[in-house]
RNA sequence: GGGGACGUGGCGGAACGGUAGACGCGCCGGACUUAAAAUCCGUUGGAGCAAUCCGUGUGGGUUCGAGUCCCACCGUCCCUACCA
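Numbering (this note's numbering), first residue to last: 2 to 867.
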């Protein structure tokens, strides 16, 4: 018997798989049902981390399982390869982003391959391949023609030192994350995608995604933020200011509280405010003060409400005898609704805070149930609950919902406004003043305006001779690249130097995988066959941005006739992170796990430094990160324990959707399992043995093996890998306990050896998705046909998988008092008779009267007695 | 402020409304060893000699039966946010 040695075994089988090209995707419509499993593709940072191991191991379990089930499986891999880190490397170390990126890809490809994942590598691509982003430019231009792409002036976060636009996430406490410079708001002309055109479709489509986590669907729904309300125009009392002759338009979701209005508020960026600012330096100063406030959470939380009374007044839309003052208020956002509101302080907390500060009227119009209209008052808290409308003329006595409908109807009847649906979602700004991204394929011509690059000139490729010694966009300062001729008039013109947000790159890659050689952006026949992705797997951190963008682009591409599906991902699974304890020395510096020695005494643990012996503080369990030094490198683990043990551990320790805590002891448990598993295979004697089901031990083993098939199958289907692995452990324990095989197998009966042979044959196939290399070696050891990777998923014999005898617990008044053995499906009265005859039960029923006996077939007996 | 998830042994976690704690880790005991590591075997929710009793954050409720369903509270975590 030889000890299992993953170091030799694992590479051997990876080579065998590659040589036989077993993971090559089948042709479309090859007769088998299709299954498309995809993990979110990685950013090529240079090395894989444990999070990747977990993500790709999960996808691999599904892919291998589905292949064994007879599906035509598409399981591709690619690289989300554009983005800032490549440019940062260029600035910091003088390497070219392209070289840096492709070097990283090469390194990570080797690491991923060493994981033994069943990927069809022939379909690999990177989003920075001109071949890929050229196709992206092609569909981008088609969306431009469709009117889904437009330019507008928008305010952006501008880093004055790096001379670039920053995403909101890159602004930390008002400063650029790299330069540390105070970020300015600048108005720039930017490219946008009309995602808001699809707001309704994106919300309504969520209902069809029944294999998505509810959490993610809810997050998207909230993000899109559909609200129904009323949009109407206030007319000015007296002469309207310049440009406002039509009135001042506001949006509200509470038209029922119109009679509680005490003032009208406009955002500091509102055109009316800006106009007033031109004439009045006091207004100008006020607006400037409002801009100073930061956007961090704490600042918004504590920000004082600020207001400026413009002196203008407007007429109440339902009673012109009432007039309301117009204030400029810092808490009103220009980019939601109309940038202007009517305020009802009694029933909105922000309005109330403002009204109290500036001593404006607070008039309640919704009476909570049980309150007296004469005495009800609003103090420091606005009342936002249900109730009856009062103090509101014709709305009096209505409930809130009825009053909303009535108020909308009245306003619509007077022509002052209309019921309206407003979204929180904004159009998607996709311009980036960056080099390492997909160039926006348009040309600016002085006489023709914006002209799309003709399709036969695509891709618009990035120039490679660029410099990073100065801040700003290298494309802008490149001596020749942007100078070109207008495709329309032939005159001198300039290329667009903005590149696309990298979220565009990842919004359609799954469709390209269907046919990576297609001349069109998406190969229609292949995409129609493969899409949607049946199972998508990735981190929950992409719940909103990536998954929403991909849904939007899919719908846009569908309307453009490029794909046939509306939703890209039929099934979504969001897996948890890989965490690890973080350690600190007495000076408060982070210490790497490999330098820490843990001592256990009873239930308490203490730690010391491996080299110095100095005390170490065991900190919290946190996401692995370089800054906290609590990172365990996958390659070190592969080296020490083998790939299968690492895969097995990340699959087994926690439910897949939850975080898994990496521990050395844990992976050692998986390592022990692989050895014990191998030993069982290795101890099975050669030869054909006949089944003999009269042998109790043999039959028990066979039954356990056939039941196991169902357990493991269900656990994979239901993404409960940890439970499936637990069942495999349990079965291995049963196998070891069976009377057999003490080295040479001599003590086992032929019946048991036959049962063992059958069990091992099943077991090898069931563990194959989890520990594929070991399974292959085990399969070979027991003389399995071909490679286990090509073996069909085992089928349970229903007769063997079913229990013919059941052990039913007997409860008295819900407390367990004994058990009864009964044939499966035994009639209730028979089970009752046996239960009541049980001596222990009889003892417990002493002095009690049996009122009722509840028998749940094959499960439980409950005797109700008192 | 709004929304959501989760509270089970020393730890990670199992449990279609039906035997709570599967499986793993750790601890403890034993075998092997000159010894240790590795490996193997066994015990392990708490109390009790035992019968038995108590146990799934707290308090109520529904049910023959609740970790699971409902209500309230406490705690932890995540998302989102002057969104009118």
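Beta carbons are placed, not taken as given, at the ideal position from N, Cα and C, and that holds for glycine.
Since the structure is predicted, the reported quantities are computational estimates derived from the model, not experimental observations.
{"Check": "Minimum C-alpha distance to residue 1 - residue among 64, 271, 53 and 34", "Outcome": "Nothing in the structure corresponds to residue 1, since the chain is present only between 2 and 867."}
{"Check": "Check whether residue 499 and residue 434 have beta carbons under 8 Å apart", "Outcome": "yes"}
{"Check": "Where residue 680 sits in the DSSP three-state scheme", "Outcome": "helix"}
{"Check": "C-alpha gap between residue 684 and residue 58, whole angstroms", "Outcome": "29 Å"}
{"Check": "CA-to-CA distance, residue 420 to residue 437, given in whole angstroms", "Outcome": "45 Å"}
{"Check": "DSSP state of residue 67 mapped onto helix, strand, coil", "Outcome": "helix"}
{"Check": "Buried or exposed by the 16-neighbour rule on C-beta atoms within 10 Å, applied to residue 747", "Outcome": "Any answer about residue 747 is weak, because its pLDDT of 49 lies below 50 and its placement is not dependable; what the coordinates show is given next. Residue 747 is exposed by the Cβ-count criterion."}
{"Check": "Identity of the residue in 708, 378 and 404 nearest residue 389 by Cα", "Outcome": "404"}
{"Check": "Residue 8: first and last residue of the uninterrupted alpha helix (DSSP H) it sits in", "Outcome": "7-21"}
{"Check": "Contact belief for residue 91 with residue 469 at Cβ below 8 Å, rounded distance in angstroms", "Outcome": "4 Å"}
{"Check": "Boundaries of the beta strand (DSSP E) in which residue 278 is found, first to last residue", "Outcome": "Element bounds for residue 278: not the beta strand (DSSP E) but the alpha helix (DSSP H), 272-280."}
{"Check": "Extent of the continuous alpha helix (DSSP H) run through residue 560", "Outcome": "546-560"}
{"Check": "Reduced DSSP category for residue 824 - H, G, I as helix; E, B as strand; rest coil", "Outcome": "strand"}
{"Check": "Nearest-angstrom Cβ-Cβ length linking residue 258 and residue 367, presumed shorter than 8 Å", "Outcome": "7 Å"}
{"Check": "Residues near residue 186 by beta carbon distance below 6 Å, same chain, minus five either side", "Outcome": "156"}
{"Check": "Contacts around residue 497, its chain only, beta-carbon distance under 6 Å, and the 5 residues preceding and following it disregarded", "Outcome": "441 and 443"}
{"Check": "For residue 106, the first and last residue of its enclosing alpha helix (DSSP H)", "Outcome": "98-115"}
{"Check": "Cβ distance (whole Å) where residue 821 is taken to contact residue 862 below 8 Å", "Outcome": "7 Å"}
{"Check": "Touch test, the stretch 474-483 against the stretch 509-523, Cβ-Cβ under 8 Å, three pairs minimum", "Outcome": "no"}
{"Check": "Whole runs of the alpha helix (DSSP H) within the stretch 693-765, excluding any shorter than 4 residues", "Outcome": "697-718 and 722-738"}
{"Check": "Inter-stretch contact at 8 Å, needing at least 3 Cβ pairs: the stretch 663-680 / the stretch 641-652", "Outcome": "yes"}
{"Check": "Assigned secondary structure, residue 856 (DSSP; H/G/I helix, E/B strand, else coil)", "Outcome": "strand"}
{"Check": "Contact the stretch 67-75 vs the stretch 99-116: 3+ CB pairs below 8 Å", "Outcome": "no"}
{"Check": "Whole-angstrom distance between residue 776 and residue 580, CA atom to CA atom", "Outcome": "28 Å"}
{"Check": "Continuous beta strand (DSSP E) stretch holding residue 607: start and end", "Outcome": "605-610"}
{"Check": "For residue 204, the first and last residue of its enclosing alpha helix (DSSP H)", "Outcome": "200-207"}
{"Check": "Three-pair Cβ contact test at 8 Å for the stretch 367-385 versus the stretch 345-358", "Outcome": "yes"}
{"Check": "Residue range of the unbroken beta strand (DSSP E) whose run includes residue 419", "Outcome": "418-424"}
{"Check": "Separation of residue 661 from residue 723, as counted between CA atoms", "Outcome": "11 Å"}
{"Check": "Assigned exposure category for residue 759 - 16 Cβ within 10 Å defines buried", "Outcome": "buried"}
{"Check": "Separation of residue 811 from residue 745, as counted between CA atoms", "Outcome": "Since pLDDT at residue 745 reaches only 43, below the 50 mark, its modelled position is unreliable, and the value read off the structure follows with that caveat. Cα-Cα distance, rounded: 44 Å."}
{"Check": "Unbroken stretches of the alpha helix (DSSP H), 4 residues or longer, contained in the stretch 371-429", "Outcome": "401-415"}
{"Check": "For residue 773 and residue 728, the rounded distance between their alpha carbons", "Outcome": "17 Å"}
{"Check": "C-beta atoms of residue 565 and residue 192 nearer than 8 Å", "Outcome": "no"}
{"Check": "Residue environment, residue 393, which counts as buried when at least 16 other CB atoms sit within 10 Å", "Outcome": "buried"}
{"Check": "Given residue 202 as reference, the closest of 85, 410 and 550 once Cα atoms are compared", "Outcome": "550"}
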